[in-house]
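Q:
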Amino acid sequence: HYEDLYQTEINIFESKLIQTSLNHQHIQADILITLLKCYLRHYTNRLIRQIRYKEACVHVKLVGQHRRHLLSKQQIVDVYPQIIVDVPKISLNRIQLDYLSKSAEAYRQKTGAYIELNSNPLWSVFDEVILLLNDLRSKKYILSWQLDKMMPKREKIQLAYLYFIPKPHKPGTPLRPIVSSMNMPTTGISKFLDKLIRLIFDKHARSTTIIDGVDLIHRLEAYTTNGYLKPKTYLCTFDITDLYTMLPQKESLHILIEFLLQHGYQNVQNIPIDIIRKLALIVIKENIFACEKKFYRQVIGGAMGSVFTLTPANIFMWKWQKQLVHRLENCNEIYDRYVDDIFFTSNDSLESIDQISVPFLDVLIENRKGTLTTSVYHKEIAEPYGAPFGSGHLDHVFRNTVDTAITRAVSYSTTLSQFEEEMRQMKLMFLYNGYSSRHIHRLLTTLFSKYLSNYFILPMFNNSDDFDYLRHQLLTASTVTAYDKVTRTSTTNQTHDKNIQNHIQQPTNNHELIRRKRLIIHRRHEKDLRIIIDIFMNCGAKLYIKQRS
Numbered sequence: 002h003y004e005d006l007y008q009t010e011i012n013i014f015e016s017k018l019i020q021t022s023l024n025h026q027h028i029q030a031d032i033l034i035t036l037l038k039c040y041l042r043h044y045t046n047r048l049i050r051q052i053r054y055k056e057a058c059v060h061v062k063l064v065g066q067h068r069r070h071l072l073s074k075q076q077i078v079d080v081y082p083q084i085i086v087d088v089p090k091i092s093l094n095r096i097q098l099d100y101l102s103k104s105a106e107a108y109r110q111k112t113g114a115y116i117e118l119n120s121n122p123l124w125s126v127f128d129e130v131i132l133l134l135n136d137l138r139s140k141k142y143i144l145s146w147q148l149d150k151m152m153p154k155r156e157k158i159q160l161a162y163l164y165f166i167p168k169p170h171k172p173g174t175p176l177r178p179i180v181s182s183m184n185m186p187t188t189g190i191s192k193f194l195d196k197l198i199r200l201i202f203d204k205h206a207r208s209t210t211i212i213d214g215v216d217l218i219h220r221l222e223a224y225t226t227n228g229y230l231k232p233k234t235y236l237c238t239f240d241i242t243d244l245y246t247m248l249p250q251k252e253s254l255h256i257l258i259e260f261l262l263q264h265g266y267q268n269v270q271n272i273p274i275d276i277i278r279k280l281a282l283i284v285i286k287e288n289i290f291a292c293e294k295k296f297y298r299q300v301i302g303g304a305m306g307s308v309f310t311l312t313p314a315n316i317f318m319w320k321w322q323k324q325l326v327h328r329l330e331n332c333n334e335i336y337d338r339y340v341d342d343i344f345f346t347s348n349d350s351l352e353s354i355d356q357i358s359v360p361f362l363d364v365l366i367e368n369r370k371g372t373l374t375t376s377v378y379h380k381e382i383a384e385p386y387g388a389p390f391g392s393g394h395l396d397h398v399f400r401n402t403v404d405t406a407i408t409r410a411v412s413y414s415t416t417l418s419q420f421e422e423e424m425r426q427m428k429l430m431f432l433y434n435g436y437s438s439r440h441i442h443r444l445l446t447t448l449f450s451k452y453l454s455n456y457f458i459l460p461m462f463n464n465s466d467d468f469d470y471l472r473h474q475l476l477t478a479s480t481v482t483a484y485d486k487v488t489r490t491s492t493t494n495q496t497h498d499k500n501i502q503n504h505i506q507q508p509t510n511n512h513e514l515i516r517r518k519r520l521i522i523h524r525r526h527e528k529d530l531r532i533i534i535d536i537f538m539n540c541g542a543k544l545y546i547k548q549r550s
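Start counting the sequence shown at 2; every next residue gets the next number (my numbering).
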């Protein structure tokens, strides 16, 4: 097949070459050789890509056969790495692996959050979930579309597994436990509950939670404008250690119900609160996983990696922080929280606080004798690493990576000198990761032309006023976009939910069925169009070829 294909291409090239030689007798030999080399290099690379694609298909097939073989055995868990380190292209020696293994065991003993089980509880949990959902549906506590969202598929379920990621930016390099539970029987319920309750929390806890660094900067600027920032104002941060593995499960459920009742919710999307409690209980209680060829159940807290863990943790913190928030608000101070990271201001006499410069998230906040300044915060141990330009990501990933870094540099920097210093570090980082200077320059020019006048020939600021204007534009745009996203999804009420339910239950019309049959192929990712033609020609699907613009 390949011999015929390339013989045809060679014949076409020879005919073009002869025609070019006849029309242009003066063509130089070195130009001809250069064109020939480029042509051969192009088709050699094409052949290599096709061979690698075939190899990848064979590899995927072998992995699938191996996994099916393992799943066919009783009491056998899929083989996963004992320790998974979330760092690309890293090789661990025996000493490092021993350290991670011992640290993981020490973490389990310190928290006491996990108990060992004698056998694989996967199928018993699956049966329990099926019984609960069918019972709720038979008693009409949930609708059919809600049942479909939460019902696990027997052929897809898989036991979760626990792995640890080291946190080198903290003293002692502690470990972060991650439970990979994408295919657990409770995953459908977890996703459904999170979507159900997170919107309510975002709506009612907006005043004490922040979205990102730009949101925090806006609150700090308002605090300064109102005259509350003084030369002796303390800027304080702290975090909650092991938040996910220290939450008491029963108390977390009680606080969840208390939160809903306090804000007037007897039911959510026509689901009574008692039913929400039952669904949340099975997600939290049946958190089981495998680790080092043993089975465990988490008895304290929730699994970091489960969709529904974050929302109960946020609501627990809402209850825990009430007294502190009340005291700070009475003194016109700031209290903001991002999951387990907390920032607040204080004008009290706090002898234990001796720093006036604190990092929070990726923002460095400073009180310079009553003047607020902010800049981008870089962890000392963090490497200058981003998405490498030569990696297999799509083009918009590289573009968004640079654009986000530039926007953050402008938004977080209070002064022009801080911005220029951040730009120097940012350019070095991107050059280190394979980005070209022309690519960075083009994105800078695009940003300048969008918010500033067109008289800028080069993406450089002539004075501080131009920088302040651009920063104001970006801060306003970022906050409006983020706030609209939260409020737009949070303002749904019970009547709207009911309308959604009625809309979902309506039968699908013929036009919708025809639209679903359309098949859109992106040429950028399609390796061989003949496969599509051979397999999908007679299935009733219409083929649309989409060219990336």
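Backbone N, C-alpha and C fix where the C-beta goes; we use that ideal spot for every residue, glycine too.
Below 8 Å on the Cβ atoms is my contact criterion, and I expect I407 with L445 to pass it. Report the Cβ-Cβ distance as a whole number of Å.
A: Along the sequence shown, read from residue 1 onward, the residue named residue 407 stands at position 406. Along the sequence shown, read from residue 1 onward, the residue named residue 445 stands at position 444. Yes, I407 and L445 are in contact; Cβ-Cβ is about 6 Å, under 8 Å.
Q: Between T246 and I301, how many whole angstroms is the CB-CB distance? I'm expecting something under 8 Å.
A: For the purposes of this step, residue 246 is taken as residue 245 along the sequence shown, with counting starting at 1. For the purposes of this step, residue 301 is taken as residue 300 along the sequence shown, with counting starting at 1. Sure, about 6 Å apart at Cβ, within 8 Å.
Q: Quick check: the Cα distance between A388 and Y433, rounded to an integer number of angstroms?
A: Position 387 of the sequence shown, counted from the start, is the residue given in the question as residue 388. Position 432 of the sequence shown, counted from the start, is the residue given in the question as residue 433. In a straight line, the C-alpha of A388 is about 11 Å away from that of Y433.
Q: Which first and last residues belong to the beta strand (DSSP E) in which L580 is found?
A: Shown here, the chain extends from 2 to 550; a query on residue 580 therefore has no answer.
Q: Anyone know if the C-beta pair for L311 and V340 falls short of 8 Å?
A: Counted from its first residue, the sequence shown places residue 311 at position 310. Counted from its first residue, the sequence shown places residue 340 at position 339. Inclusion of L311 and V340 in the CB contact set at 8 Å is warranted, their separation being smaller than that value.
Q: For M430, which of helix, strand or coil comes out of DSSP?
A: Indexing the sequence shown from 1 puts residue 430 at position 429. Looking at M430 - three-state DSSP - the assignment turns out to be helix.
Q: I'd like the list of long-range same chain contacts for I116, defined as Cβ closer than 7 Å, with 5 residues on each side in sequence excluded.
A: To locate residue 116, count along the sequence shown from 1; it is residue 115. For I116, where only same-chain residues beyond five positions count, the Cβ hits under 7 Å are Y297, R298, V300.
Q: Given a cut-off of 8 Å, decide if L236 and N368 are closer than it, judged by their beta-carbon atoms.
A: Against the sequence shown, residue 368 aligns to sequence position 367. Against the sequence shown, residue 236 aligns to sequence position 235. Taking 8 Å as the Cβ cut-off, N368 and L236 qualify as a contacting pair.
Q: Taking the alpha-carbon positions, what's the T405 to G435 distance?
A: Against the sequence shown, residue 405 aligns to sequence position 404. Against the sequence shown, residue 435 aligns to sequence position 434. If you take the alpha carbons of T405 and G435, they lie about 17 Å apart.
Q: Taking only runs of the beta strand (DSSP E) that begin and end inside the region 366-395, which ones reach a length of at least 3 residues, in chain order?
A: 372-377
Q: May I ask which residues mark the beginning and end of the beta strand (DSSP E) holding D275?
A: Working through the sequence shown from its first residue, we reach residue 275 at position 274. Premise fails: D275 lies in the alpha helix (DSSP H), 274-286, not in any beta strand (DSSP E).
Q: Helix or strand or just coil, what does DSSP make of K295?
A: Numbered from 1 along the sequence shown, position 294 holds the residue referred to as residue 295. Residue state, collapsed to three classes: strand.
Q: Closest to D342 by CA distance: which of D213, G306, G391 is it?
A: Here the question's residue 342 lines up with position 341 in the sequence shown. Answer by Cα proximity: D213.
Q: May I have the straight-line CA-CA distance separating Y224 from E330, to the nearest angstrom?
A: Translated into positions along the sequence shown, residue 224 becomes position 223. Translated into positions along the sequence shown, residue 330 becomes position 329. Each residue's Cα considered, the two are about 12 Å apart.
Q: By DSSP, does I343 sit in helix, in strand, or in coil?
A: As a position in the sequence shown, residue 343 is number 342, starting the count at 1. Here I343 sits in strand by DSSP.
Q: Taking all protein chains shown into account, decide if L551 is buried (16 or more other Cβ within 10 angstroms of its Cβ) or exposed.
A: With the chain covering 2 to 550 only, the question about residue 551 has no answer from this structure.
Q: Using the rule of at least 16 other Cβ atoms within 10 Å of the residue's Cβ for burial, across every protein chain shown, is W321 buried or exposed?
A: Here the question's residue 321 lines up with position 320 in the sequence shown. Exposed, because fewer than 16 other Cβ atoms sit within 10 Å of the Cβ of W321.
Q: Taking the beta carbon of E513 as the centre, do at least 16 other beta carbons fall within 10 Å, making it buried, or is it exposed?
A: Within the sequence shown, numbered from 1, the residue matching residue 513 stands at position 512. At E513 the pLDDT is 47, less than 50, meaning the model places this residue with poor confidence; the figure from the coordinates comes in the next sentence. The residue in question, E513, is exposed, as its Cβ has fewer than 16 Cβ neighbours within 10 Å.
Q: With a cut-off of 8 Å on the beta carbons, I'd call P186 and I158 a contact; round off their distance for me.
A: As a working note, residue 186 is residue 185 in the sequence shown. As a working note, residue 158 is residue 157 in the sequence shown. About 5 Å separates the beta carbon of P186 from that of I158, a gap short enough to meet the 8 Å contact definition.
Q: Rounded to whole angstroms, how far is the Cβ of S376 from the Cβ of E423, which I believe are closer than 8 Å?
A: What you label residue 376 is simply residue 375 of the sequence shown in a count that begins at 1. What you label residue 423 is simply residue 422 of the sequence shown in a count that begins at 1. About 7 Å separates the two Cβ atoms, so the contact holds.
Q: Starting from F290, follow its DSSP beta bridges and name the residues at the other end.
A: Position 289 of the sequence shown, counted from the first residue, corresponds to residue 290. Partner(s): Y297.
Q: Apply the 10 Å Cβ neighbour rule to R328 and answer buried if 16 or more other Cβ atoms are within range, or exposed otherwise.
A: Translated into positions along the sequence shown, residue 328 becomes position 327. By the neighbour-count rule (16 or more Cβ atoms within 10 Å), R328 is not buried but exposed.
Q: Going by the DSSP bridge assignment, what does E117 pair with across the sheet?
A: The count along the sequence shown starts at 1 and reaches residue 117 at position 116. Partner(s): Y297.
Q: Can you list, in chain order, the residues of its chain with a C-beta nearer than 7 Å to that of C292? Leave out the 5 residues immediately preceding and following it.
A: Here residue 292 is taken as the residue at index 291 of the sequence shown, counted from 1. If we look at C292 and ignore the five residues flanking it on each side, its Cβ neighbours are Y162, L163.
Q: Let me confirm a value: F239 is counted as buried when at least 16 other C-beta atoms fall within 10 Å, else exposed. Which label applies?
A: Position 238 of the sequence shown, counting from 1, holds the residue named residue 239. F239 is exposed by the Cβ-count criterion.
Q: From the DSSP output, in three-state form, read off R328 for me.
A: Residue numbering aside, residue 328 sits at position 327 when the sequence shown is read from its first letter. Residue state, collapsed to three classes: helix.
Q: Candidates S450, Y229, K171, G189: which alpha carbon is nearest K154's?
A: On the sequence shown, residue 154 is found 153 positions in, with the first residue counted as 1. That would be G189, whose Cα lies nearest to the Cα of K154.
Q: Compare the Cα-Cα distances from H255 to each of I289, G371, I277 and report the closest residue.
A: For the purposes of this step, residue 255 is taken as the residue at position 254 of the sequence shown. Looking at the Cα atoms, I277 is the closest of the given residues.
Q: Nearest CA to the CA of E259: which residue from W146, F317, F468, K380?
A: Working through the sequence shown from its first residue, we reach residue 259 at position 258. The option with the nearest alpha carbon to E259 is F317.
Q: Taking the beta carbon of N12 as the centre, do at least 16 other beta carbons fall within 10 Å, making it buried, or is it exposed?
A: In the sequence shown, counting from the first residue as 1, residue 12 sits at position 11. With fewer than 16 other Cβ atoms within 10 Å, it is exposed.
Q: Might you give, ordered along the chain, the residues of its own chain that have their beta carbon closer than 8 Å to the beta carbon of S438, omitting 5 neighbours on each side?
A: Counting from one through the sequence shown, the residue named residue 438 turns up at place 437. K428, L432, listed in sequence order.
Q: Can the beta-carbon of A314 be found less than 8 Å from the beta-carbon of L257?
A: Here residue 314 is taken as the residue at index 313 of the sequence shown, counted from 1. Here residue 257 is taken as the residue at index 256 of the sequence shown, counted from 1. No, these two residues do not count as a Cβ contact at 8 Å.
Q: Our contact map puts V411 next to R472 with C-beta atoms below 8 Å; I'd like the distance itself, whole angstroms only.
A: Position 410 of the sequence shown, counting from 1, holds the residue named residue 411. Position 471 of the sequence shown, counting from 1, holds the residue named residue 472. Between R472 and V411 the Cβ distance is about 5 Å, and since that is below 8 Å, they are a contact.
Q: Kindly indicate which three-state DSSP category N268 falls into: helix, strand or coil?
A: For the purposes of this step, residue 268 is identified with residue 267 of the sequence shown, where counting begins at 1. Three-state DSSP puts N268 in a strand.
Q: Measuring straight from C-alpha to C-alpha, what distance separates Q267 and K279?
A: As a first step, residue 267 is located in the sequence shown; it is residue number 266 there, counting from the start. As a first step, residue 279 is located in the sequence shown; it is residue number 278 there, counting from the start. For Q267 and K279, the distance between alpha carbons rounds to 15 Å.
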